[in-house]
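Taking this note's numbering, the leading residue of the sequence shown gets 1, the next gets one more, and so forth. We treat Cβ as the ideally placed atom computed from N, Cα and C, and that holds for glycine. Notes follow once the structure below has been shown.
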Amino acid sequence: MVETEPDPWYREFNSVFWLTLSASVFAFFGLCLQAILKSRCKTCKMCGIEIERDVAPPGREPHIDLSILERARNSSIDVVSNSASRTESPQHIEK
Numbered sequence: 001m002v003e004t005e006p007d008p009w010y011r012e013f014n015s016v017f018w019l020t021l022s023a024s025v026f027a028f029f030g031l032c033l034q035a036i037l038k039s040r041c042k043t044c045k046m047c048g049i050e051i052e053r054d055v056a057p058p059g060r061e062p063h064i065d066l067s068i069l070e071r072a073r074n075s076s077i078d079v080v081s082n083s084a085s086r087t088e089s090p091q092h093i094e095k
């Protein structure tokens with residue numbers, strides 16, 4: 001009986017691992033960006049980069065219009081629900 005050598009450790013990292021790792025990294029960067037945008041700091045120094053910005057007074061932050069994202073999300077939901085209803089009931093087909 002011939003024993004086979006076990007796979008090296010680097011062959012254990014499949015696409016599920018890389019997908020999970022990349023999603024975690026992007027989520028971390030998203031949280032960092034959200035914290036930076038909500039921050040009240042005027043000066044930020046990191047990795048040799050210095051950023052100085054004007055911070056709006058409390059209560060006077062600019063409004064970000066997210067209605068276009070809501071419309072896009074709702075229209076994609078409508079498309080999915082319409083396609084699901086078409087597959088369930090073939091009544092829309094004319095003879």
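{"Check": "Tell me whether cysteine 47 sits in a helix, a strand or coil according to DSSP, three-state version.", "Outcome": "coil"}
{"Check": "Rounded to whole angstroms, what is the Cα-Cα separation between glutamine 34 and serine 67?", "Outcome": "19 angstroms"}
{"Check": "For lysine 95 and serine 75, what's the separation of their Cα atoms in angstroms?", "Outcome": "Here lysine 95 scores only 47 on pLDDT, less than 50, and its place in the model should not be relied on; the value that follows carries that caveat. Going by the C-alpha atoms only, they are around 29 angstroms apart."}
{"Check": "How many angstroms separate the CA atom of cysteine 32 from the CA atom of alanine 23?", "Outcome": "14 angstroms"}
{"Check": "Hey, how far is the Cα of glutamate 50 from the Cα of leucine 21?", "Outcome": "29 angstroms"}
{"Check": "Which of the three DSSP states, helix, strand or coil, is assigned to serine 24?", "Outcome": "helix"}
{"Check": "For valine 55, which option in Ser39, Cys47, Asp65 and His63 has the closest C-alpha, if you only look at C-alpha atoms?", "Outcome": "Ser39"}
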